[in-house]
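Worksheet: one structure, shown below.
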Amino acid sequence: MADACEKTELDIYAERAHLLAVMVALFGGALSYTDPQTPDWPVLYVESPTGQLSWHIHPDDVWLFPNVPVVDNYPWDKHTTRVKYKRVRNLVAQLPKLTYAKPEYGNP
């Protein structure tokens, strides 16, 4: 990938897709080709404890989701982007701390 100053839109989509692969592995979900405006881009639906989350996935990044089922007409709960990121913030607040800083870096 390019340096931070030289990142392309595709680089940014790829970085986001890597993080979303972790999220869907933790909480489950599905890929579905449900957006008629972008028929080649699947939508990743993540069913988190705070509600459904969804993102379009660039076709080049679908390989990151080999164990995520592809489902026809997956039901979208009509969440907006604003609601989605509120759910993400609530999820972060609810998750226990999974890792701790090394002792030499101080207490978490």
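For the sequence shown, the residue numbers in our numbering are 30 to 137. Ideal Cβ positions, reconstructed from N, Cα and C, are used throughout, including at glycine. None of the values given here were measured: they were computed from a predicted structure.
| message | Give me the DSSP bridge partner(s) of A59. | response | According to DSSP, A59 bridges with Y74.
* **Bounding residues of the beta strand (DSSP E) (the contiguous stretch that carries Q66)** => In the DSSP assignment, Q66 falls outside any beta strand (DSSP E) and carries neither an H nor an E.
Quiz item: According to DSSP, which residues form a beta bridge with V99?
Solution: L60
Evaluate Y114 with the Cβ neighbour count: other Cβ atoms within 10 Å of its Cβ, from every protein chain shown; 16 or more gives buried, anything less gives exposed. Classification for Y114: exposed.
| By how many angstroms is the C-alpha of L73 removed from the C-alpha of V97? | 9 Å
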